[in-house]
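S.K.: The following block contains the structure, expressed as structure tokens.
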Amino acid sequence: MTLESDFESVHTVEQTAEAYCREAGFDEDTTLDITMVAREAAVNAVLHGNKKDPAKHVTVSFELTDADLKITVADQGAGLDPDKIPDPLAQENLLKSSGRGVFLMRAYMDEVHFRQLSPGTEITLVKHRG
Amino acid sequence: MSMKFTSREVDGVTVLDLSGKIVLGEGSVTIRDAVRDVLAKGSNKILLGLADINYIDSSGIGELVSALTAVKNAGGALKLLQLTKKVKDLLQITKLYTVFDIYDDEAEAIASFK
Chain A
2 MTLESDFESV HTVEQTAEAY CREAGFDEDT TLDITMVARE AAVNAVLHGN KKDPAKHVTV
62 SFELTDADLK ITVADQGAGL DPDKIPDPLA QENLLKSSGR GVFLMRAYMD EVHFRQLSPG
122 TEITLVKHRG
Chain B
2 MSMKFTSREV DGVTVLDLSG KIVLGEGSVT IRDAVRDVLA KGSNKILLGL ADINYIDSSG
62 IGELVSALTA VKNAGGALKL LQLTKKVKDL LQITKLYTVF DIYDDEAEAI ASFK
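Here you go:
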């Protein structure tokens with residue numbers, strides 16, 4: 002699906018992720034976790050990637066297989082280097098008010114992949130079933 | 002559902018009972034505004050009741066941290082009451098569980114401000 006760079010799109014991603022989690026049969030806790038990190042990825046794309054530019058779009062896909070649920074979120078922003086994201090657990094970053102989104106994706110999903118687009122960034126979140 | 006809160010005073014402590022979601026664009030700004038309002042009214046002892054918060058994202062965590070810093074900078078204390086499992090897990094994963102003063106019992110929490 003192709004979405005606008007606004008918070009309505011964040012809602013759409015969140016709600017669609019929840020529907021896929023139900024279909025996949027994930028328990029309530031896991032569903033909340035996946036929904037939350039899907040939201041993080043969408044917020045990143047809308048806010049940090051596309052900077053809410055109405056000329057840019059967010060592309061999202063959901064794929065449910067026997068093995069896993071795969072959520073892909075792509076923006077058209079300047080790009081994100083995951084290796085340059087400060088560690089939110091470092092003492093100097095602990096009391097910062099932002100910078101935990103990608104950390105939470107990695108904490109709650111089984112796999113998180115980044116791919117640089119031209120322009121933009123694609124984040125793939127994978128949760129194994131069972 | 003976005004975040005809502007009610008405010009009450011208990012022995013000189015302002016208790017903000019939050020419910021709903023603490024997420025970017027919905028609840029996050031409300032916590033910031035609520036805490037700022039309490040500080041502006043001259044109270045700097047704040048207890049955030051989180052028993053009805055079961056959904057929080059990284060922005061919501063950031064708001065809790067910002068609120069803690071703002072209250073500390075005002076010479077006061079901000080503590081958390083009755084975390085749900087989800088919020089507790091998030092604070093533990095982000096290593097913030099020990100940064101906050103957290104209570105399960107309200108009377109004990111109120112007494113800790115004295």
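Here the protein sequences line up with chains A and B, keeping their order.
In this text, residue positions in the first sequence follow my numbering: the first is 2, and each later residue adds one.
In this text, residue positions in the second sequence follow my numbering: the first is 2, and each later residue adds one.
Ideal Cβ positions, reconstructed from N, Cα and C, are used throughout, including at glycine.
#1: Assign Gln-93 (chain B) to one of three DSSP states: helix, strand, or coil.
#2: Are the C-beta atoms of Ala-25 (chain A) and some chain B residue less than 8 Å apart?
#3: Might you give, ordered along the chain, the residues of its own chain that have their beta carbon closer than 7 Å to the beta carbon of Glu-107 (chain B), omitting 5 neighbours on each side?
#4: Check the Cβ of Thr-95 (chain B) against every Cβ in chain A and list those closer than 9 Å, keeping chain order.
#5: Quick check for students: name the residue ranges of the alpha helix (DSSP H) that lie wholly in the stretch 67-114 of chain A, counting only runs of 4 or more.
#6: Quick test of the definition: if touching needs 3 or more C-beta pairs under 8 Å, does the stretch 18-26 of chain B touch the stretch 102-114 of chain A?
#7: What is the rounded straight-line gap between the Cα of Leu-65 (chain B) and the Cα of Ser-8 (chain B)?
#8: Beta-carbon of Ser-6 (chain A) versus every beta-carbon of chain B: anything under 8 Å?
#9: Could you name the residues of chain B that Val-44 (chain A) contacts, counting a contact when the two beta carbons are closer than 9 Å?
#10: According to DSSP, what are the bridge partners of Asp-28 (chain A)?
#11: Would you please verify whether the beta carbon of Ser-20 (chain B) is less than 8 Å from any beta carbon of chain A?
#12: So which residues on chain B does Leu-1 (chain A) lean against when the C-beta distance must stay under 8 Å?
#13: Only counting the same chain, and skipping five residues up and downstream in sequence, which positions put a Cβ closer than 6 Å to that of Tyr-109 (chain A)?
#14: Counting only the same chain and skipping the five closest in sequence on each side, list residues whose C-beta sits under 7 Å from that of Asp-30 (chain A).
#15: Report yes or no: is there a C-beta of chain A within less than 8 Å of the C-beta of Gly-77 (chain B)?
#16: Assuming His-49 (chain A) and Ser-6 (chain A) are in contact, meaning their beta carbons sit under 8 Å apart, how far apart are those beta carbons, in whole angstroms?
#17: So which residues of chain A does Glu-63 (chain B) contact, with C-beta pairs closer than 9 Å?
M.R.: By the coordinates alone:
#1: Gln-93 (chain B) falls in the helix class under three-state DSSP.
#2: no
#3: Contacts found: Leu-82.
#4: Pro-89, Leu-90, Leu-95, Arg-101, Phe-104, Leu-105 and Ala-108
#5: 102-109
#6: no
#7: 17 Å
#8: Taking Cβ atoms only, chain B never reaches closer than 8 Å to Ser-6 (chain A), which makes this a no.
#9: Using a Cβ-Cβ cut-off of 9 Å, Val-44 (chain A) is close to Val-24, Leu-25, Gly-26, Asp-58, Ser-59 and Ser-60 of chain B, given in chain order.
#10: None, per the DSSP bridge assignment.
#11: no
#12: Only positions 2 to 131 of chain A appear in this structure, which leaves residue 1 (chain A) out of reach.
#13: Asp-34 and Val-38
#14: none
#15: Among the residues facing chain A, Gly-77 (chain B) is not included, as its CB has no counterpart in that chain under 8 Å away.
#16: With a Cβ gap of about 11 Å, His-49 (chain A) and Ser-6 (chain A) do not count as contacting.
#17: What sits at residue 63 (chain B) in the sequence shown is Gly, not Glu. Those are Lys-97, Ser-98, Ser-99, Gly-100 and Arg-101, listed as they occur along chain A.
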